[in-house]
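A short worksheet on the structure shown next.
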Amino acid sequence: MPKMMKAQVFYEPEEMRLEEVPIPSPLEDEVLVKVKACGICGSDIAYYWGLSPLETPTGKGPLILGHEFSGEVAEVGRIPQEKGLFKTGDRVTVDPVQYCSACGVCARGMVNLCENKSVIGVSTNGAFAQYVKSKYTGIHKLPSRVSFEQAAFTEPLSCATYGINNLNISLGDFCVIFGPGPIGLMMTQMAKSRGAGTVVLVGTRDYRLKLGKKLGADFILNIKEKNSPYYIDDLPEKIKELTEGRMADRVICATGALKPMQDALTISGRKAVVVYFGLPGPNDVLKVPALDSLLWDKTIRFSWLAPFTWATALQLSIRNLSMLAL
0 MPKMMKAQVF YEPEEMRLEE VPIPSPLEDE VLVKVKACGI CGSDIAYYWG LSPLETPTGK
60 GPLILGHEFS GEVAEVGRIP QEKGLFKTGD RVTVDPVQYC SACGVCARGM VNLCENKSVI
120 GVSTNGAFAQ YVKSKYTGIH KLPSRVSFEQ AAFTEPLSCA TYGINNLNIS LGDFCVIFGP
180 GPIGLMMTQM AKSRGAGTVV LVGTRDYRLK LGKKLGADFI LNIKEKNSPY YIDDLPEKIK
240 ELTEGRMADR VICATGALKP MQDALTISGR KAVVVYFGLP GPNDVLKVPA LDSLLWDKTI
300 RFSWLAPFTW ATALQLSIRN LSMLAL
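What follows is the structure, encoded as structure tokens:
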């Protein structure tokens, strides 16, 4: 085992350096993983540009980003080794949210809200490197049919799964998804597989919307590009037309942009469920039409991280029920 590795180290907004740094040594409850594939999350980009604060006292590094990854087990700490859980060479992906399992929040099953959690690539060094370490409880073995590249998407797929779970789709529901990025495209397929009668994908770029159409969206709407064949200038009116006045049963925002988040409340109908998934700005304020929401008995939820959805996400990868199949 070498002692040094290459890593892309974040120092402050717009400053990252490719450096030689020591390979981390796993503690007795940890596993060292040799990184084979790592995705770039939108939050990584936001951190780089200084648009989202890191979980550090100053919002600065040095810190190695990267939390969507897969790899091979390189070294196993004493506890998982004695339990026979992992061995060198195992193909794995890693849940970057490392929770304590000891606080009152964890005891109630809300591990995504753990009072003592750390997040690989956000509050501890991540996978923009050749090696990264994790608690053994965050390690998931890969099915043989799942490639390292596919497995690097397990983290966002797990988060998307939790978001769709929160949406609580019923058979035949009229569902609107804002944001045709990777998460929104995954959600498009999941919404159809959960039995949504109609899925409308709303975005600002045609090439992503067209991909969403291939993945199962019944309607695609561009709310920005006026020269687009999918452009509409009045989203609430369009949803009213498509639903014959009923409005949407289920709405999920896979974007942190404030306007779609606000529009979600406008286009949702009676007994609707609205889920906010994307990461808004620290000073963004959502204005809820209180009386209308009350009289229509709406449910407004937020979806954060991916508690207990990793096994499901890996099964989805095996069955190609995600954009990973493309």
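If you read the sequence shown in numbering that gives the first Met the number 0, its first letter stands for residue 0, the second for the next number, and so on.
Even glycine gets a Cβ: it sits at the ideal position worked out from N, Cα and C.
Are G76 and P25 closer than 8 Å when you measure CB to CB? For the purposes of this step, residue 76 is taken as the residue at position 77 of the sequence shown. For the purposes of this step, residue 25 is taken as the residue at position 26 of the sequence shown. In this structure, P25 lies closer than 8 Å to G76 by Cβ.
When we look at the beta-carbon of E243 and count the other beta-carbons within 10 Å, is it buried (16 or more) or exposed? Residue numbering aside, residue 243 sits at position 244 when the sequence shown is read from its first letter. E243 is exposed by the Cβ-count criterion.
Cα-Cα, which of K225, N221, R249 is closest to L170? To locate residue 170, count along the sequence shown from 1; it is residue 171. Looking at the Cα atoms, R249 is the closest of the given residues.
Below 8 Å between beta carbons: does that hold for G178 and C105? For the purposes of this step, residue 178 is taken as residue 179 along the sequence shown, with counting starting at 1. For the purposes of this step, residue 105 is taken as residue 106 along the sequence shown, with counting starting at 1. With contacts defined as CB atoms closer than 8 Å, G178 and C105 fail to qualify as a contacting pair.
Identified DSSP bridge partners for H139: Start at 1 with the first residue of the sequence shown, and residue 139 comes out as number 140. Beta-bridge pairing links H139 to T92.
How many Å lie between P355 and G58 at the Cα? Any property of residue 355 remains undetermined from this structure, which presents the chain solely from 0 to 325.
Under a three-way DSSP split, which group does Y47 fall into? For the purposes of this step, residue 47 is identified with residue 48 of the sequence shown, where counting begins at 1. Y47 falls in the helix class under three-state DSSP.
Tell me, to the nearest whole angstrom, how far the beta carbon of W303 is from that of N111; I am working on the premise that it is less than 8 Å. Position 304 of the sequence shown, counted from the first residue, corresponds to residue 303. Position 112 of the sequence shown, counted from the first residue, corresponds to residue 111. Contact flag correct, Cβ pair sits at about 6 Å.
Count the other CB atoms, across all protein chains shown, that sit within 10 Å of the CB of L17; report buried if there are 16 or more and exposed otherwise. As a working mapping, residue 17 is identified with position 18 in the sequence shown. Classification of L17: exposed, given that the 10 Å Cβ count is below 16.
According to DSSP, is I78 part of a helix, a strand, or is it coil? Translated into the one-based positions of the sequence shown, residue 78 becomes position 79. DSSP places I78 in helix when its eight states are reduced to three.
Could you spell out the range, first to last residue, of the beta strand (DSSP E) harbouring P21? Position 22 of the sequence shown, counted from the first residue, corresponds to residue 21. First-last of the beta strand (DSSP E) with P21: 14-21.
Check whether the Cβ atoms of Q80 and K134 sit closer than 8 Å, and answer yes or no. For the purposes of this step, residue 80 is identified with residue 81 of the sequence shown, where counting begins at 1. For the purposes of this step, residue 134 is identified with residue 135 of the sequence shown, where counting begins at 1. In this structure, K134 does not lie closer than 8 Å to Q80 by Cβ.
Distance between E11 and E27 (C-alpha atoms, nearest Å): Position 28 of the sequence shown, counting from 1, holds the residue named residue 27. Position 12 of the sequence shown, counting from 1, holds the residue named residue 11. Rounded to the nearest angstrom, the two C-alpha atoms are 32 Å apart.
Give the straight-line distance between the Cα atoms of T308 and G108, rounded to the nearest whole angstrom. On the sequence shown, residue 308 is found 309 positions in, with the first residue counted as 1. On the sequence shown, residue 108 is found 109 positions in, with the first residue counted as 1. Computed Cα separation, rounded: 13 Å.
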